[in-house]
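Participant: My structure is below; once you've seen it, I'll send some questions.
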Amino acid sequence: MTRASANPSFWAGRDVFVTGHTGFKGAWLSLWLQQMGANVTGFSLAPPTTPNLFEAAQVAHGMTSVLGDIRDYELLATALAKSRASIVFHLAAQSIVSEGYRLARETFATNLTGTVNLLDTIRECENIQAAVVITSDKCYAPSGSGTALIEADPLGGKDPYSASKSCAEIAVASWRHSFFVESDACRIATARAGNVIGGGDWSVHRLLPDIARAFIAKEALKLRMPNAIRPWQHVLDALGGYLQLAERLCAEDGGNFARAWNFGPAAADHLTAQQVAERCVKLWGESASIEFAGNNFQQETHSLRLDATQARQLLNWYPVWSADEALRHTLSWYRQWRDAPTDAHLINRMTLSQISEYSAGNVSPLH
6 MTRASANPSF WAGRDVFVTG HTGFKGAWLS LWLQQMGANV TGFSLAPPTT
56 PNLFEAAQVA HGMTSVLGDI RDYELLATAL AKSRASIVFH LAAQSIVSEG
106 YRLARETFAT NLTGTVNLLD TIRECENIQA AVVITSDKCY APSGSGTALI
156 EADPLGGKDP YSASKSCAEI AVASWRHSFF VESDACRIAT ARAGNVIGGG
206 DWSVHRLLPD IARAFIAKEA LKLRMPNAIR PWQHVLDALG GYLQLAERLC
256 AEDGGNFARA WNFGPAAADH LTAQQVAERC VKLWGESASI EFAGNNFQQE
306 THSLRLDATQ ARQLLNWYPV WSADEALRHT LSWYRQWRDA PTDAHLINRM
356 TLSQISEYSA GNVSPLH
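Per this note's numbering, numbering of the sequence shown is gapless, rising by one per residue and ending at 372.
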């Protein structure tokens, strides 16, 4: 693969509003937009973990950062209006499956009510052309068949997190058909990505952050669901899809793209957690190892596969990095962070360098 999915000339000088900019995906997206010359305003709670990419790479230095809760309608509406944005990316969420069990009501309040708040604030801003609402590949009803899911498959979710994302999808569809029907109305799409990986994620109960923490501490990785199959992809592949989708929503025929979209890896990159962990052991070296632990969570889908044929055929989007390339870049990032965790300039430069490599379709060796 030799081309990037985002068009820098489209984004240069454009006003963009990003919710959840202090999170893992939001920080990567904000840096990418900054690199392309966009004027970025972010709205989010404080970073959810310590350490975190947002602070480690000094993401706030190249944007307007507003700290606020997506559940606070008035604060959100004020920030969005002040940003004068023409494009919105909604990433603010409670994004951890296990936390959904512990904080079920808060998960629905953030993921559903927060999304509805944003949809209504967009209605009040005439200058917004397009919005991409990020939900999850877990918004689908569990089928048990193991087949790859397409956008037309039923929504559902047995656990609170998955159900909250399914509800957000329904809310977006409702607002789109009820309030954004005029030809000059904002075009709103939803994006469902696979399991994204990349440097700077320190979330709990996620495989790559668990791997990084264990290997950096020279401890064995405790693997709780070795046979779970997930659609693994680098965060830049997912974000590239979001960016390209937003570009198409702003085109003359953008209304045709105001729908749900899957962004997932090639079939060969739907791997078990054990396969991912074993590849990371080889890439990391330094006596890295794995231990198998029991699964303490109440319910989690065993096999989750995502079919992104629609995005490939209609957006001409495809993943640039294979799972192996994604793992190599991810572990390279964590290794460099381990060696200089407080060097914000280095971390910022390293992260932007990976964005540049991705945009050029280049592959670099593990450091």
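Even for Gly, the Cβ is constructed at its ideal location relative to N, Cα and C.
Please report the residue range of the beta strand (DSSP E) in which asparagine 200 lies.
Facilitator: 200 to 202
Participant: Please list the terminal residues of the continuous beta strand (DSSP E) segment that includes alanine 136.
Facilitator: Where alanine 136 is concerned, the enclosing beta strand (DSSP E) stretches over 135 to 139.
Participant: Hey, could you find the ends of the alpha helix (DSSP H) leucine 320 is sitting in?
Facilitator: Looking at the DSSP string, leucine 320 is not in any alpha helix (DSSP H), and its letter there is neither H nor E.
Participant: So, leucine 81 versus leucine 123, is the Cβ gap smaller than 8 Å?
Facilitator: yes
Participant: One question on the structure: do tryptophan 16 and glycine 47 come within less than 8 Å of each other, judged by their Cβ atoms?
Facilitator: no
Participant: Looking only at its chain, what residues have a beta carbon closer than 6 Å to the beta carbon of glycine 269, apart from the 5 residues adjacent to it on each side?
Facilitator: Gly199, Pro236, Leu311, Ala313
Participant: So within the region 70 to 119, which uninterrupted alpha helix (DSSP H) runs reach at least 4 residues, ignoring any that extend past its ends?
Facilitator: 78 to 88, 102 to 107, 109 to 113
Participant: Rank Trp33, Leu72, Cys285, Ser88 by C-alpha distance to the C-alpha of valine 21 and give the top, closest one.
Facilitator: Ser88
Participant: If you run the structure through DSSP and keep just helix, strand and coil, what is proline 1?
Facilitator: The chain is shown from 6 up to 372; residue 1 falls before or after that span and cannot be answered.
Participant: From what residue to what residue does the beta strand (DSSP E) around phenylalanine 262 run?
Facilitator: Looking at the DSSP string, phenylalanine 262 is not in any beta strand (DSSP E), and its letter there is neither H nor E.
Participant: Considering only residues of the same chain and omitting the five flanking positions on each side of glycine 204, which have a CB-CB separation below 6 Å?
Facilitator: Taking C-beta separations shorter than 6 Å and ignoring five residues to either side along the sequence, the partners of glycine 204 in its chain run Thr335, Trp338, Tyr339, following chain order.
Participant: Within 10 angstroms of the Cβ of phenylalanine 297, are there 16 or more other Cβ atoms? Answer buried if so, exposed if not.
Facilitator: exposed
Participant: Starting from threonine 356, follow its DSSP beta bridges and name the residues at the other end.
Facilitator: Its beta-bridge partners do not exist; DSSP assigns none.
Participant: Give the single residue among Ser292, Val93, Thr152 whose Cα lies nearest to the Cα of cysteine 130.
Facilitator: Val93
Participant: Alpha carbon to alpha carbon, what distance is there between valine 240 and glutamine 359?
Facilitator: 11 Å
Participant: Suppose the cutoff is 6 Å on Cβ atoms and the five residues either side in sequence are ignored; what does the same chain contact list for glutamine 279 look like?
Facilitator: Only Pro231 meet the Cβ criterion.
Participant: I need the straight-line Cα distance from aspartate 348 to tryptophan 207, nearest angstrom please.
Facilitator: 17 Å
Participant: Give the straight-line distance between the Cα atoms of tryptophan 266 and proline 214, rounded to the nearest whole angstrom.
Facilitator: 26 Å
Participant: Measuring alpha carbon to alpha carbon, tell me which of Ala135, Ala146, Phe59 ends up nearest serine 308.
Facilitator: Ala146
Participant: Going by the DSSP bridge assignment, what does threonine 24 pair with across the sheet?
Facilitator: Looking at the DSSP assignment, threonine 24 forms a beta bridge with Phe48, His95.
Participant: Considering Cα atoms alone, identify which of Asn261, Ile295, Gly245 is closest to alanine 225.
Facilitator: Ile295
Participant: For threonine 277, which three-state DSSP category applies?
Facilitator: Three-state result, threonine 277: strand.
Participant: Among residues of its own chain, excluding the 5 on either side of leucine 250, which ones have a beta-carbon nearer than 7 Å to its beta-carbon?
Facilitator: Contacts found: Val137, Ala194, Ala196, Phe262, Trp266, Leu320.
Participant: Report the partner residues of isoleucine 155 according to the DSSP bridge assignment.
Facilitator: Beta-bridge pairing links isoleucine 155 to no other residue.
Participant: So, is arginine 107 buried or exposed, given that buried needs 16 or more other C-beta atoms within 10 angstroms?
Facilitator: Exposed: under 16 other Cβ atoms inside 10 Å.
Participant: Is it right to say asparagine 132 is buried, meaning 16 or more other beta carbons lie within 10 angstroms of its own, or is it exposed?
Facilitator: exposed
Participant: Can you tell me where the alpha helix (DSSP H) with phenylalanine 15 in it begins and where it stops?
Facilitator: 13 to 16
Participant: Would you mind giving the Cβ-Cβ distance between arginine 192 and alanine 135, rounded to the nearest angstrom? I have them listed as a contact below 8 Å.
Facilitator: 5 Å
Participant: Over what stretch of residues does the alpha helix (DSSP H) that includes lysine 30 continue unbroken?
Facilitator: 29 to 40
Participant: Alpha carbon to alpha carbon, how far is serine 292 from phenylalanine 315? Give it in angstroms, no decimals.
Facilitator: It should be noted that the sequence gives glutamine, not phenylalanine, for residue 315. So the alpha carbons of these two residues sit roughly 42 Å apart.
Participant: Along the chain, where does the alpha helix (DSSP H) containing glutamate 252 start, and where does it finish?
Facilitator: Taken as a continuous stretch (DSSP letters only), the alpha helix (DSSP H) holding glutamate 252 covers 240 to 254.
Participant: Name the DSSP bridge partner or partners of isoleucine 295?
Facilitator: Leu226
Participant: I'd like to check one pair, isoleucine 139 with histidine 95: are the Cβ atoms closer than 8 Å?
Facilitator: yes
Participant: In angstroms with no decimal places, state the Cα-to-Cα distance between tyrosine 247 and serine 10.
Facilitator: 9 Å
Participant: How should glutamate 187 be labelled, buried or exposed, when 16 other C-beta atoms within 10 angstroms of its C-beta is the threshold for buried?
Facilitator: exposed
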